[in-house]
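The numbering used here applies: residue -17 is where the sequence shown begins, and numbers increase by one.
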Amino acid sequence: MTKIATISVLFAILMTACVSKKKFNQVENQRKALQEEISNLKSDRDECNDNYTDLQDEVMSYKQKISQLQGDSEDKIELTENGQVVSENTKSNVRRVFSKMPADQRSEAKTLEDSINMAVGYNIKSNLLAQMKDEDRVADEAIEVSVAEPVVRITLTDKVLFKSGSYWVDKKAYNLLARIAEVINSEPNMDIRVEGHADDLKLAESSYIVDNWDLSIRRAASVVRTLENKFEVSGDRLIASGRSHYKPVADNSTEEGRTKNRRTTILLLPKIDRYMQILEK
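Written as structure tokens, this is what we have:
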């Protein structure tokens, strides 16, 4: 009996050791799997941080170009990395610029960011007007600029760019387009979309221009050709599009409204594929 009992005890100890070893291996494997997962998560985190830094750098680059478009005015507004962190000097400049703007425009600002963007747009507009010779100056309302960081929208009525009835860019607009092209050429990660717009009046049947689609596209293409051929903006960064009369900004039943609707919009845009490349790294 003693011998059998001894064998039983030894067998039980052996089985216990086997079970403990099996559990140990399971725990060890789980530990290694967790360590590997933690390592992968850290790597993903570091990559995300790098991509975020790259995106921040891109945005700051565009903000610097927006700053260039404002010129060297003493009221120039510096755009910070975080739009909510604004220096006292910038706030002072915003207030000073606002005092020069029409009351109806000022009333459209609902937030601090709105106020900054509107003031920056006003400064860009003032600088663009200053590029034109005195004899070629146009009414103040013929140029409009809006900023929604990092996109800049420059809207020019036809009297700024074209002679009456023509879709060829007038030489009087060259200084203005040269200034825009200078900023474009200094920022390789920017695309430029030029949109032509028309009023809703039908063209004379004898006209060589087919309709408002034809007119809006021709005028957009003319601006694009001028930027490419005269001011060396790379053609692969330019987009020409026509919207006919389908995007009015004013009432087409009045001459004043039709004048506003006959316009060309130049949008300075971040390159989407550049952002996608950063996100896909």
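Virtual Cβ for every residue (Gly too), placed ideally from N, Cα, C.
Below 8 Å, too few C-beta pairs join the segment 203 to 216 and the segment 93 to 101 to call them touching: fewer than three. Of the candidates Asp181, Arg207, Val205, Ile248, the residue whose Cα lies closest to the Cα of Met172 is Ile248.
At the C-beta level, Asp57 and Asn105 come within 8 Å of one another. Membership of Arg88 in the alpha helix (DSSP H) is indicated by the continuous run 85 to 88.
Taking a contact as a CB-CB distance under 8 Å, the pair Val151 and Val176 does not count as one, their CB atoms being some 11 Å apart.
For Glu126, DSSP records a beta bridge to Thr137. Looking at the DSSP output, Gly224 bridges to Gly178.
Taking C-beta separations shorter than 8 Å and ignoring five residues to either side along the sequence, the partners of Ile48 in its chain run Leu61, Val102, Ile106, Val129, Glu131, Pro132, Val134, following chain order. Annotated as distal: Thr246 and Leu110, with beta-carbon spacing of 8 Å or more. One alpha carbon belongs to Ser21, the other to Val9, and they sit about 18 Å apart.
Counted as a single uninterrupted DSSP element, the alpha helix (DSSP H) harbouring Ile98 occupies residues 94 to 112. Asp181 sits away from Arg225, with the two beta carbons spaced by 8 Å or more. If you draw a straight line from the Cα of Gln50 to the Cα of Met100, it comes to about 16 Å. For Leu249, the uninterrupted beta strand (DSSP E) run begins and ends at 245 to 252, by DSSP. Following the DSSP letters along the chain, one finds Trp195 inside the alpha helix (DSSP H) bounded by residues 194 to 211. Nearest neighbour of Ser198 by Cα position, chosen from Asp218, Leu209, Gly147, turns out to be Gly147. Using a Cβ distance threshold of 8 Å, Met114 and Lys154 count as a contacting pair.
In this chain, the alpha helix (DSSP H) harbouring Tyr156 covers 156 to 167.
Residue environment: Asp140 is assigned as buried (16 or more neighbouring CB atoms within 10 Å of its CB, all protein chains considered).
With 16 or more other CB atoms across the displayed protein chains lying within 10 angstroms of its CB, Leu158 is buried. Secondary structure note for Ser74: its alpha helix (DSSP H) is the uninterrupted segment 70 to 82.
Between Thr208 and Tyr149, the alpha-carbon positions lie close to 12 Å from each other. A check of alpha carbon separations from Leu220 across Asn11, Glu237, Leu251 identifies Leu251 as the nearest.
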